[in-house]
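Asker:
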Amino acid sequence: MSAGKKAGEFYTPRTVSEIISKIVTIGHKDGDDQVRTVFDPTMGSGSLLLTVASQVTGDKPISYHGQELNTTTYNLARMNLMLHGVNFEDINVRNGDSLDADWPTEEPYQFDAVVMNPPYSAHWENDERRLSDPRFRDFGALAPKTKADYAFLLHGLYHLKPTGTMGIVLPHGVLFRGAKEGDIRKQLIDKNLIDAVIGLPANIFYSTSIPTLILVLKKNKTTNDILFIDASNDFTKSKNQNILTEDNITKIVDTYTKREDVDKYAHVATLDEIKENEYNLNIPRYVDTFEEEEPVDMVATAKELVQVDKEIADLNGQLLEQMKQLVGTTDEAQHELDAMMEVFKNGF
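Counting in full-length UniProt numbering, the sequence shown runs from 1 upward without gaps.
1. Drop a sphere of 10 angstroms on the beta-carbon of Gly-178, count the other beta-carbons inside from all chains shown, and report buried for 16 or more, exposed for fewer.
2. Taking the straight line between their C-alpha atoms, what separation do you get for Gly-45 and Val-262?
3. Leu-142 and Leu-131 - do their beta-carbons sit closer together than 8 Å?
4. Taking its Cβ as the centre, do 16 or more other Cβ atoms sit within 10 Å of Lys-275, making it buried, or is it exposed?
5. Am I right that Asn-95 and Leu-48 are in contact with their C-beta atoms under 8 Å? What's the rounded C-beta distance?
6. When you compare the CB positions of Pro-41 and Gly-156, do they come within less than 8 Å of one another, or not?
7. If you reduce the DSSP assignment to three classes, tell me which class Arg-94 lands in.
8. For the alpha helix (DSSP H) containing Leu-131, list its first residue and its last residue.
9. Under 8 Å, with one C-beta from each stretch per pair, do the stretch 110-126 and the stretch 77-94 reach the 3-pair mark?
10. Can you tell me which of the three DSSP states Met-79 falls into?
11. Leu-244 by DSSP, collapsed to three states: which one?
12. Please work out which residues of its chain come closer than 7 Å, Cβ to Cβ, to Thr-71, disregarding the five sequence neighbours upstream and downstream, and give them in chain order.
13. Counting only runs that start and end within the stretch 148-203, where is the beta strand (DSSP E) found for 3 or more residues in a row?
14. Below 8 Å on the Cβ atoms is my contact criterion, and I expect Ile-229 with Ile-20 to pass it. Report the Cβ-Cβ distance as a whole number of Å.
15. Helix, strand or coil: which one does DSSP assign to Tyr-120?
16. Output the residue ranges of the beta strand (DSSP E) runs that lie fully inside the stretch 250-328 and measure 3 residues or longer, sorted by chain position.
17. Nearest to Thr-255 by CA position, among Thr-212, Gly-199, Lys-310 and Gln-241, is which residue?
18. What number of angstroms, rounded off, separates the C-alpha of Glu-18 from the C-alpha of Met-298?
19. Mind checking which residues open and close the beta strand (DSSP E) that includes Glu-68?
20. Rounded to whole angstroms, what's the CA-CA distance from Ile-168 to Val-38? Just pull it up for me.
21. Would you grab the beta carbon distance between Lys-219 and Pro-162 for me? Rounded to a whole angstrom, and I think it's under 8 Å.
22. Determine the direct distance from the alpha carbon of Thr-257 to that of Asn-277, and round the result to whole angstroms.
23. For His-65, which residues in the same chain have their Cβ closer than 6 Å to its Cβ, ignoring the five residues on either side in sequence?
24. For the alpha helix (DSSP H) that Ile-23 lies in, which residues bound it at each end?
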């Protein structure tokens with residue numbers, strides 16, 4: 001990848017972290033199925049890793065795995081994990097480029113939960129030799145050199161356990177862009193790896209105002225469909241940003257859990273339905289949020305127009321009477337007044 005995250009990009013808003021963390025831990029909060037390992041290949045300050053752990057109620061230890069390109073941010077993440085009481089032996093993080101060279105390559109190299117908020121549409125080296133890379137080879141195409149979004153997604157998916165859940169934040173372009181990205185998206189759909197598409201409000205990040213989404217992926221889905229949630233209009237506006245409230249978060253997570261259609265908010269689309277849409281996952285194709293305007297009462301509107309015309313005529317008449325009282329101080333001024341009066345008379 002050509003550069004590390006810019007200032008502000010290493011921080012994922014708490015509300016977005018909470019949505020992802022609640023979803024990837026559903027059914028894995030405690031007991032034998034408790035999340036024991038969590039991986040963030042673009043970990044930034046480590047906030048997503050910590051938020052996942054906060055959702056786990058079981059008492060089994062959790063190991064934290066992550067990678068970060070920016071050295072300063074990498075050190076910040078290590079400090080953040082330790083300040084939150086994570087034991088040193090449970091921290092397995094690395095300073096490096098997740099796309100350039102795969103890591104981890106030794107056990108554990110697959111994880112119960114994979115969470116990511118990678119830099120959007122970043123540049124990366126998509127040399128054709130990478131088609132033999134086990135992370136990408138099963139999808140027959142590489143993400144474009146100027147848009148590494150699907151490269152990050154496939155990297156994270158490769159490191160997901162068969163029983164795990166992955167949540168990744170991405171720009172909306174991944175849902176409909178064509179060419180190589182379209183080929184990868186088709187493979188993901190045909191392999192039934194995409195579980196949900198959750199559209200978020202615009203302007204909820206500190207580093208960008210563009211609307212983003214959360215893609216949820218699983219390797220062993222039990223349904224042949226994809227859940228679409230359009231939460232783009234559910235937020236509270238603050239001075240500089242749009243804020244997701246706890247009610248907004250709960251609505252998203254509950255809708256994901258119930259996996260049912262919700263009018264103007266969510267739709268469970270079959271894979272056949274998606275194929276009929278030529279593998280385009282753009283949310284408005286599946287969730288119609290259009291609000292019909294109330295029909296116009298033509299009779300009432302006509303009466304209002306007649307009344308307005310009458311009021312204008314009355315005011316014009318009053319203005320004309322007042323203008324008749326005007327007297328020019330010179331012959332030239334009087335001539336201009338008389339000419340103006342004729343214009344108003346003809347106009348009225």
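Glycine is no exception: its CB is placed at the ideal position from the N, C-alpha and C atoms.
Answerer: A quick look at the data gives this:
1. Here residue 178 is taken as the residue at index 178 of the sequence shown, counted from 1. It is exposed - the Cβ of Gly-178 has fewer than 16 other Cβ atoms within 10 Å.
2. Reading the sequence shown from its first residue, position 45 is the one you call residue 45. Reading the sequence shown from its first residue, position 262 is the one you call residue 262. It is worth fixing the name first, because residue 45 is Ser in this sequence and not Gly. When rounded, the distance between both Cα atoms is 35 Å.
3. Residue numbering aside, residue 131 sits at position 131 when the sequence shown is read from its first letter. Residue numbering aside, residue 142 sits at position 142 when the sequence shown is read from its first letter. Going by C-beta atoms, Leu-131 is nearer than 8 Å to Leu-142.
4. As a working mapping, residue 275 is identified with position 275 in the sequence shown. With fewer than 16 other Cβ atoms within 10 Å, it is exposed.
5. Position 95 of the sequence shown, counting from 1, holds the residue named residue 95. Position 48 of the sequence shown, counting from 1, holds the residue named residue 48. That pair is no contact at about 17 Å.
6. Counting from 1 along the sequence shown, the entry for residue 41 is found at position 41. Counting from 1 along the sequence shown, the entry for residue 156 is found at position 156. In this structure, Gly-156 lies closer than 8 Å to Pro-41 by Cβ.
7. Here residue 94 refers to the residue found at position 94 when the sequence shown is read from its first residue. Residue state, collapsed to three classes: strand.
8. Taking the first residue of the sequence shown as 1, we reach residue 131 at position 131. That residue, Leu-131, is in no alpha helix (DSSP H); it is neither H nor E in DSSP.
9. no
10. In the sequence shown, counting from the first residue as 1, residue 79 sits at position 79. Three-state DSSP puts Met-79 in a helix.
11. Within the sequence shown, the letter at position 244 stands for residue 244. Leu-244 falls in the coil class under three-state DSSP.
12. The sequence position of residue 71 within the sequence shown is 71, counting from 1. Excluding residues within five positions, the ones whose Cβ falls inside 7 Å are Asn-95.
13. 160-171 and 194-199
14. As a first step, residue 229 is located in the sequence shown; it is residue number 229 there, counting from the start. As a first step, residue 20 is located in the sequence shown; it is residue number 20 there, counting from the start. The pair is not a contact, with the Cβ atoms about 13 Å apart (cut-off 8 Å).
15. Here the question's residue 120 lines up with position 120 in the sequence shown. Residue state, collapsed to three classes: coil.
16. 266-270
17. Start at 1 with the first residue of the sequence shown, and residue 255 comes out as number 255. Comparing Cα-Cα distances from Thr-255 to each of Thr-212, Gly-199, Lys-310 and Gln-241, the minimum goes to Gly-199.
18. Walking along the sequence shown from the start, residue 18 turns up at place 18. Walking along the sequence shown from the start, residue 298 turns up at place 298. Their backbone Cα atoms lie some 49 Å apart in a straight line.
19. In the sequence shown, the residue the question calls residue 68 occupies position 68. First-last of the beta strand (DSSP E) with Glu-68: 63-68.
20. Against the sequence shown, residue 168 aligns to sequence position 168. Against the sequence shown, residue 38 aligns to sequence position 38. The alpha-carbon atoms of Ile-168 and Val-38 are separated by roughly 13 Å.
21. Along the sequence shown, read from residue 1 onward, the residue named residue 219 stands at position 219. Along the sequence shown, read from residue 1 onward, the residue named residue 162 stands at position 162. At roughly 5 Å, the Cβ-Cβ gap stays under 8 Å, so Lys-219 and Pro-162 are in contact.
22. Against the sequence shown, residue 277 aligns to sequence position 277. Against the sequence shown, residue 257 aligns to sequence position 257. Answer to the nearest angstrom: the Cα atoms are 25 Å apart.
23. Mapped onto the sequence shown, residue 65 falls at position 65. Cβ neighbours of His-65 beyond the five flanking positions: Phe-39 and Asn-92.
24. If you number the sequence shown from 1, residue 23 lands on position 23. 14-24 is the span of the alpha helix (DSSP H), which, as asked, contains Ile-23.
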